[in-house]
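For what it's worth, my numbering labels the leading residue of the sequence shown as 55, then goes sequentially. Below is one structure, written out as structure tokens; comments come after it.
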Amino acid sequence: MNDSQPKINELQQAYSAAKRHQKMSPKQVRKLKRLSRLENRKHTRQFWLRTSLWASSCCLVALIGSLSLQSILSDFETFLAQLEPHSFSPQQYDTVETHNIVEGSYQTTIAQQKTQLDDALAGSQEKLREVSQFYGKLVHSEEGVWFIADCNNQTLFEVRESLLNELIVPAERAFDYQQGQLLALSKNQSGQLVNITAPPSGAALYACP
55 MNDSQPKINE LQQAYSAAKR HQKMSPKQVR KLKRLSRLEN RKHTRQFWLR
105 TSLWASSCCL VALIGSLSLQ SILSDFETFL AQLEPHSFSP QQYDTVETHN
155 IVEGSYQTTI AQQKTQLDDA LAGSQEKLRE VSQFYGKLVH SEEGVWFIAD
205 CNNQTLFEVR ESLLNELIVP AERAFDYQQG QLLALSKNQS GQLVNITAPP
255 SGAALYACP
């Protein structure tokens, strides 16, 4: 029994020495903590970077969607404005010619929208003498008057019912001609309208040639 006691003491000492040998020094502990903090910061930065990229992508998609929607709505509003009968306005044309018959006499009134009336009257009358036949579109009609836009320039013809009765049978006006339809017009050397009819194509046309 006394012989085994020194061996036990030796084993205890060897165990204590091995334990002390495996224990980390304060310097090693500080280094390990510093490395751990750096690793945590790295993961934190990567997390926020991914989050920021995701948020930026969502904002970009939302912005593109908003711009696309605004463009679609704008195009749709323009389309509706073109279809809306009340959107018609003579002010969108450079020249407005009113053709009428008063007490059996043909009267033509020329109104210029964007230049002086003197220059407009002279230029328009000269142009009327040069043109014998042209095309226009029935852009608007109401009781007693037609508004026909010249296909070649910004001239609007306001044709009153008194002249329409001379050129077109009222029944034909009511059923055969529609807003937006292409019309063939003829003038004499004095600039008076002598004919308004649909082009001889067999079908209604709605686009200027």
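All C-beta atoms in this analysis are idealised placements derived from N, C-alpha and C, irrespective of residue type, glycine included. What you are looking at is a predicted structure, and each value in this text was computed from that prediction instead of being measured.
### beta strand (DSSP E) segment containing E151, residue limits
Taking the sequence shown and counting its residues from 1, the one referred to as residue 151 is at position 97. Here the beta strand (DSSP E) through E151 covers 149-156.
### Query
Is it the case that the Cβ atoms of Y260 and L210 are separated by a distance below 7 Å?
As a position in the sequence shown, residue 260 is number 206, starting the count at 1. As a position in the sequence shown, residue 210 is number 156, starting the count at 1. No. Outside cutoff.
### Message
Rounded to whole angstroms, what is the Cα-Cα separation between E196 and Q124?
### Response
Taking the first residue of the sequence shown as 1, we reach residue 196 at position 142. Taking the first residue of the sequence shown as 1, we reach residue 124 at position 70. Q124 has its alpha-carbon roughly 34 Å from the corresponding atom of E196.
### Task
List the DSSP bridge partners of Y189.
Counting from one through the sequence shown, the residue named residue 189 turns up at place 135. A238, per the DSSP bridge assignment.
### Message
Please state the DSSP three-state secondary structure of A165.
### Response
One-based indexing of the sequence shown puts residue 165 at position 111. Strand.
### Query
Of the residues S122, L127, E93, E212, which one's Cα is nearest the Cα of T149?
Within the sequence shown, the letter at position 95 stands for residue 149. Residue E212 is the option with its Cα nearest to T149.
#### Entry: Exposure label - L171; buried when at least 16 CB within 10 Å
For the purposes of this step, residue 171 is taken as the residue at position 117 of the sequence shown. Note that L171 scores a pLDDT of 48, beneath 50, so its modelled location is shaky and nothing firm can be said.
### Task
Check the DSSP bridge columns for N249 and list the partner residues they point to.
Within the sequence shown, numbered from 1, the residue matching residue 249 stands at position 195. Looking at the DSSP assignment, N249 forms a beta bridge with S240.
### Query
Where does A258 sit, in a helix, a strand or coil, going by DSSP?
Your numbering for residue 258 matches position 204 in the sequence shown. Looking at A258 - three-state DSSP - the assignment turns out to be coil, as it is neither helix nor strand.
### Query
Is it buried or exposed for L182, if we count other Cβ within 10 angstroms and need 16 for buried?
The count along the sequence shown starts at 1 and reaches residue 182 at position 128. Because L182 carries a pLDDT of 49, less than 50, the predicted location of this residue cannot be relied on, and the following value inherits that uncertainty. Classification of L182: buried, given that the 10 Å Cβ count is 16 or more.
### Sheet register partners of A203 (DSSP bridge)
Taking the first residue of the sequence shown as 1, we reach residue 203 at position 149. According to DSSP, which records beta bridges pairwise, A203 is partnered with K191, L210.
### Euclidean distance between Cα positions of Q161 and N219
As a position in the sequence shown, residue 161 is number 107, starting the count at 1. As a position in the sequence shown, residue 219 is number 165, starting the count at 1. CA-to-CA, the gap between Q161 and N219 works out to about 15 Å.
### Query
From F142 to V115, what does the alpha carbon distance come to, in whole angstroms?
For this step, residue 142 is matched to residue 88 along the sequence shown. For this step, residue 115 is matched to residue 61 along the sequence shown. Across the structure, F142 and V115 are spaced so that their CA atoms are roughly 39 Å apart.
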